[in-house]
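Participant: Okay, here's the structure, questions in a sec.
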């Protein structure tokens, strides 16, 4: 199966126009010693029906029928059907980056609307058109902070998602950054510890709610960073921002996060989108595409990629980033989802998650499990001690058709018996009751 | 056209949220939302109409010819969309135990195997989210390789030709390296004399795309390899132009040690208006220990994620990478099988056909057969009629084509970089040629038509300068500046004028 139109007659006519006798002659500039002869050792071509059967068989070997209480950064939220319908519009799906604005007003306006939505959610002034995911945008934010302050140390809380921290540390040496971690205290972060660590730092990165699902004393953490003249960077859950305060309202300079909960299927980890928004004074340091509003030659409103002198195709080695292809279509999905929810719907979504999490905490405690951080307020996730190895608890629950949560011992010492349990609006009281029975020691 | 915020009316809602009959725990007041975000309040029908209307103001490959050089705007097969949306993929959480994700892991492993074969290299990481991220990852692998050999402090320089895509030097900076530029000679190859002068024991490596952004295969690739490997340096291949050489020449055989592949270029992942993409890397065995973690491994019939990689550079993106992109690219590769070579042959034939028919009317800076793309110059039009590459691009829109890339690569003045790809029919190519020739005639007979183009799009030529001078980067609600226009043109368009 191929997607080629070329017929034998086409080929002959075209070769004649080019002035060569064969397709082989077109490759005459390639030295013979690097010329690949023979056939690629890849499986034979499949007709569409056979291809579908093969890939369906692969999909069938993933266990997706187990009730999902797994979170830890990616969540089983509902993706509205309208999102799918919009993403399958070929004029959006198959377009490229809008370099020719007159042909791309659809994508450009959509990105402008997305940027606005992210600014509204986070309380910031400017947003880019998306980053790769929630982990890489944290690294992006650290670089913005370095460019803005000239400092090279960044502070990251231990209660921030382990993969986010690992990605930041992977890019830090190349960025010329040193990373310092602040340990958590009983599930949240002590602002005094932050204040000490933030001395001479470019940024303090913290997560709200944090990886354990606990609500951090975010305004105090931001204040501690600001006192040290380090940029407070909040890593936030978009779905929480109907009930939790916007980072821009409590002194943060930059807000980042994983956009997946708003509009993207889990899809084994991607593609998703990272969002990055900041106060207006940092706009020139921001990486990525930014769409601006302007007018056309007739004075009509129009949209265009702007402030491109930040970007690689103009500034090259002096660019704020090398990012080109980003995650536009997934960000568009987020915009559609947020547009369907509206402010009231977003609030209700947050409240439903919290209500279900509250019920789950009760039922699990009744079943004999202890909360890891019983005194801490949480959003949609919380940690429980299972009374045995978390891996055993997971295996026991899976036998009953339930994915009970994420084993925290994978990333944190002394937590081998702990599970991180996530609740979304797709979970029901019934399912939670089943979870409690499955985990009962 | 209205913004979605301008369609908003208080009290409207597009999506109902499940509301269990349970108490809602209180958020501590100091952490609670004080003012709601001003998201649109719109019902479902209006939301769908709004985004449908936006799509009609956009041009994709589904709409028409899109010869954007270096972007490989080929057809995006629709079966791939159905497959990526399968429940067994869409509903899979990335942190399940490996035994719950055997289908996904097998797909990743098989994709890796095909990439190994196409690149002629030994090990693959699917993790990087785009070509740029692949580049940065590759350079971090260089640093790890040299660090273990005690040479990282000494080797600070990466050599990049003047025709390179801007991402290459930007990646060099992000990896903490320094840029050494090298010139291109009159044949369109890397200038070997200039190259020999700038490679020494302080060189970490080369970043090159072959064929280059001029669409030309570097005839001296073996000499280049000898220079770099002879100096103990490494070679990085920017896979942006891989569509020209699948099954014809393999980067590993050319001497490259690290390669990134753009899944959204060569392997048909839809561009989505700016992403998502995929930038997996393939490496020589000597660099495999440094690959990002986890690595997908196979043991008989079972597949697992190996996190026990003490020499790994770490992680460049969460999880194993953009899995939905893998499904589409894998399906594309399985549809072709070994005929991936034919894909490249037709891509190169299509480009040479356009080149042959356009090279007299425009200027061809390098008189050679091209690979999958070629660069013309509109310099003569500018000299004779004041018509620039930009004007040509804007006028092409009126003929129903997306323009080619303009003003890149930088070494060609008034550059038009044209990449048709293999999925275009000959008639489409012929129509494009007719339009390009008509534009040359218009340049001498009716230049204002070009200067004021486009005429038939939803907007006239966009004022990019104003966007920079007066940045408006979000909707400002009551404080939003009103557009100067009266909206009359909008009504004209709606009446089909």
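Chains as they are written, first to last, in my numbering: chain A, 1 to 441; chain B, 1001 to 1497.
We put the CB at the ideal spot given by N, CA and C, even for glycine.
The structure presented is a predicted model; accordingly, all values stated were derived computationally and were not measured.
#1: Do you know how far the Cα of residue 137 (chain A) is from the Cα of residue 1041 (chain B)?
#2: Note down the Cα distance separating residue 432 (chain A) from residue 1111 (chain B), rounded to an integer number of angstroms.
#3: Under a Cβ-count criterion, where at least 16 other Cβ atoms within 10 Å of its own Cβ denotes burial, should residue 1481 (chain B) be classed as buried or exposed?
#4: Going along chain B in order, which residues have a C-beta closer than 8 Å to the C-beta of residue 389 (chain A)?
#5: Along the segment 211-239 of chain A, where does the CB come closer than 7 Å to a CB of chain B? Name the residues.
#6: Closer than 8 Å, CB to CB, is residue 382 (chain A) near chain B or not?
#7: Expressed to the nearest angstrom, what Euclidean distance is found between the alpha-carbon atoms of residue 1488 (chain B) and residue 258 (chain A)?
#8: Does residue 214 (chain A) come out as helix, strand or coil in the three-state DSSP assignment?
#9: Look at the alpha carbon of residue 1144 (chain B) and the alpha carbon of residue 1289 (chain B), and state the distance between them as a whole number of angstroms.
#10: Count the other C-beta atoms from every protein chain shown that fall within 10 angstroms of the C-beta of residue 1224 (chain B), then say buried if there are 16 or more, exposed otherwise.
#11: Given this structure, state the Cα-to-Cα distance separating residue 1433 (chain B) from residue 1461 (chain B), to the nearest angstrom.
#12: Residue 1359 (chain B): which of B:1375, B:1348, B:1161, B:1349 sits nearest, CA to CA?
#13: What do you reckon, are the CB atoms on residue 1167 (chain B) and residue 1292 (chain B) nearer than 8 Å?
#14: Using a Cβ-Cβ cut-off of 8 Å, state whether residue 1258 (chain B) counts as contacting chain A.
#15: What is the DSSP secondary structure of residue 1260 (chain B), counted as helix, strand or coil?
#16: Which bits of chain B does residue 101 (chain A) rub up against, with CB to CB less than 8 Å?
#17: Report the rounded CA-to-CA distance for residue 1273 (chain B) versus residue 96 (chain A), giving the unit in angstroms.
#18: If you draw a straight line from the C-alpha of residue 179 (chain A) to the C-alpha of residue 161 (chain A), how long is it?
#19: Look at residue 1033 (chain B) and residue 1118 (chain B) and say whether their C-beta atoms are less than 8 Å apart.
#20: Label residue 75 (chain A) either buried or exposed according to how many other C-beta atoms from any shown protein chain fall within 10 Å of its C-beta, with 16 as the threshold for buried.
#21: Could you give the DSSP three-state label for residue 16 (chain A): helix, strand or coil?
#22: When you check each C-beta in the segment 285-310 of chain A against every C-beta of chain B, which residues fall closer than 7 Å?
#23: Which same chain residues end up closer than 8 Å to residue 1200 (chain B) when comparing Cβ atoms and leaving out the 5 residues on each side of it in sequence?
#24: Per DSSP, residue 443 (chain A) forms a beta bridge with which residues?
#25: Taking 7 Å as the limit between beta carbons, can you name the residues of its chain near residue 293 (chain A), skipping five residues before and five after?
#26: Measuring straight from C-alpha to C-alpha, what distance separates residue 1402 (chain B) and residue 102 (chain A)?
#27: Give the secondary structure of residue 223 (chain A) by DSSP, where H, G and I count as helix, E and B as strand, and everything else as coil.
#28: Starting from residue 1198 (chain B), find everything on chain A with Cβ-Cβ shorter than 8 Å and list it in chain order.
#29: Which bits of chain B does residue 485 (chain A) rub up against, with CB to CB less than 8 Å?
#30: In its own chain, which residues sit with a C-beta less than 8 Å from the C-beta of residue 437 (chain A), not counting the 5 before and 5 after it?
#31: Residues in the same chain with beta-carbon distance under 7 Å from residue 336 (chain A), minus the five sequence neighbours each way, listed in chain order, please.
#32: Does the beta carbon of residue 200 (chain A) come closer than 8 Å to any beta carbon on chain B?
#33: From residue 1442 (chain B) to residue 1412 (chain B), what distance separates their C-alpha atoms?
#34: Taking contact to mean 3 or more Cβ pairs, one atom from each stretch, closer than 8 Å, check whether the segment 1151-1170 of chain B and the segment 1201-1219 of chain B are in contact.
#35: Compute the distance between the beta-carbons of residue 423 (chain A) and residue 376 (chain A), then report whether it is under 8 Å.
#36: So, for residue 71 (chain A): in the same chain, excluding its five sequence neighbours on each side, which residues have a beta-carbon less than 7 Å away from its beta-carbon?
Facilitator: If we stick to the structure as given:
#1: Counting from 1 along the second chain, the entry for residue 1041 (chain B) is found at position 41. Counting from 1 along the first chain, the entry for residue 137 (chain A) is found at position 137. Cα-Cα distance, rounded: 29 Å.
#2: On the first chain, position 432 is the one that residue 432 (chain A) refers to. On the second chain, position 111 is the one that residue 1111 (chain B) refers to. C-alpha separation (whole angstroms): 38 Å.
#3: Counting from 1 along the second chain, the entry for residue 1481 (chain B) is found at position 481. Classification of residue 1481 (chain B): exposed, given that the 10 Å Cβ count is below 16.
#4: Numbered from its first residue, the first chain carries residue 389 (chain A) at position 389. Per Cβ cutoff of 8 Å: no residues; residue 389 (chain A) is ~14 Å from chain B at best.
#5: 215, 218, 219
#6: Numbered from 1 along the first chain, position 382 holds the residue referred to as residue 382 (chain A). Not closer than 8 Å to any Cβ of chain B, the Cβ of residue 382 (chain A) fails to qualify, so no.
#7: Residue mapping note: residue 1488 (chain B) aligns to position 488 of the second chain, counting from 1. Residue mapping note: residue 258 (chain A) aligns to position 258 of the first chain, counting from 1. Only weak support exists for where residue 1488 (chain B) lies, its pLDDT of 49 falling under 50; the value from the coordinates is given anyway. Rounded to the nearest angstrom, the two C-alpha atoms are 41 Å apart.
#8: By one-based count along the first chain, residue 214 (chain A) stands at place 214. Strand.
#9: In the second chain, counting from the first residue as 1, residue 1144 (chain B) sits at position 144. In the second chain, counting from the first residue as 1, residue 1289 (chain B) sits at position 289. Approximately 9 Å, taken between the alpha carbons.
#10: Taking the second chain and counting its residues from 1, one reaches residue 1224 (chain B) at position 224. With 16 or more Cβ atoms within 10 Å of its Cβ, residue 1224 (chain B) is classed as buried.
#11: Locating residue 1433 (chain B) in the second chain gives position 433, where the first residue counts as 1. Locating residue 1461 (chain B) in the second chain gives position 461, where the first residue counts as 1. For residue 1433 (chain B) and residue 1461 (chain B), the gap between their C-alpha atoms comes out near 23 Å.
#12: In the second chain, counting from the first residue as 1, residue 1359 (chain B) sits at position 359. The residue from B:1375, B:1348, B:1161, B:1349 with its alpha-carbon nearest to that of residue 1359 (chain B) is B:1375.
#13: Locating residue 1167 (chain B) in the second chain gives position 167, where the first residue counts as 1. Locating residue 1292 (chain B) in the second chain gives position 292, where the first residue counts as 1. Not closer than 8 Å, so no.
#14: Residue 1258 (chain B) sits at position 258 when you count from the first residue of the second chain. Output row for residue 1258 (chain B): interface = no.
#15: Position 260 of the second chain, counted from the first residue, corresponds to residue 1260 (chain B). Three-state DSSP puts residue 1260 (chain B) in a strand.
#16: As a working mapping, residue 101 (chain A) is identified with position 101 in the first chain. Residues of chain B passing the Cβ test: 1459, 1462, 1464.
#17: As a working mapping, residue 1273 (chain B) is identified with position 273 in the second chain. As a working mapping, residue 96 (chain A) is identified with position 96 in the first chain. Between residue 1273 (chain B) and residue 96 (chain A), the C-alpha separation is close to 4 Å.
#18: Here residue 179 (chain A) corresponds to residue number 179 of the first chain, with the count starting at 1. Here residue 161 (chain A) corresponds to residue number 161 of the first chain, with the count starting at 1. Taking the straight line from one Cα to the other gives about 15 Å.
#19: Locating residue 1033 (chain B) in the second chain gives position 33, counting from the first residue. Locating residue 1118 (chain B) in the second chain gives position 118, counting from the first residue. Not in contact: residue 1033 (chain B) and residue 1118 (chain B) (Cβ atoms no closer than 8 Å).
#20: As a working note, residue 75 (chain A) is residue 75 in the first chain. Residue 75 (chain A) comes out buried.
#21: As a first step, residue 16 (chain A) is located in the first chain; it is residue number 16 there, counting from the start. Correct three-state label for residue 16 (chain A): helix.
#22: 289, 290, 292, 293, 294, 295, 296, 297, 298, 299, 300, 301, 302, 304, 306, 307
#23: By 1-based counting over the second chain, the position of residue 1200 (chain B) is 200. Taken in chain order, the residues that qualify are 1231.
#24: Outside the modelled stretch of chain A, which goes from 1 to 441, sits residue 443 (chain A), for which no answer is possible.
#25: Locating residue 293 (chain A) in the first chain gives position 293, counting from the first residue. Contacts found: 112, 301, 303.
#26: For the purposes of this step, residue 1402 (chain B) is taken as residue 402 along the second chain, with counting starting at 1. For the purposes of this step, residue 102 (chain A) is taken as residue 102 along the first chain, with counting starting at 1. The alpha-carbon atoms of residue 1402 (chain B) and residue 102 (chain A) are separated by roughly 10 Å.
#27: As a working mapping, residue 223 (chain A) is identified with position 223 in the first chain. Residue state, collapsed to three classes: helix.
#28: Taking the first residue of the second chain as 1, we reach residue 1198 (chain B) at position 198. Going along chain A, no residue has its Cβ under 8 Å from residue 1198 (chain B), so there is no contact; the nearest lies around 15 Å.
#29: There is simply no residue 485 (chain A) to check, as chain A begins at 1 and stops at 441 in what is shown.
#30: Position 437 of the first chain, counted from the first residue, corresponds to residue 437 (chain A). Cβ neighbours of residue 437 (chain A) beyond the five flanking positions: 367, 400.
#31: Residue numbering aside, residue 336 (chain A) sits at position 336 when the first chain is read from its first letter. Cβ-Cβ distances below 7 Å link residue 336 (chain A) to 82, 83, 86, 263 in the same chain, with the five nearest sequence neighbours on each side left out; the list follows chain order.
#32: Along the first chain, one-based indexing puts residue 200 (chain A) at 200. No, no contact with chain B.
#33: The sequence position of residue 1442 (chain B) within the second chain is 442, counting from 1. The sequence position of residue 1412 (chain B) within the second chain is 412, counting from 1. Cα to Cα, the separation comes out at about 23 Å.
#34: yes
#35: Locating residue 423 (chain A) in the first chain gives position 423, counting from the first residue. Locating residue 376 (chain A) in the first chain gives position 376, counting from the first residue. Result no, Cβ atoms of residue 423 (chain A) and residue 376 (chain A) do not sit closer than 8 Å.
#36: For the purposes of this step, residue 71 (chain A) is taken as residue 71 along the first chain, with counting starting at 1. Cβ neighbours of residue 71 (chain A) beyond the five flanking positions: 381, 406, 420, 422.
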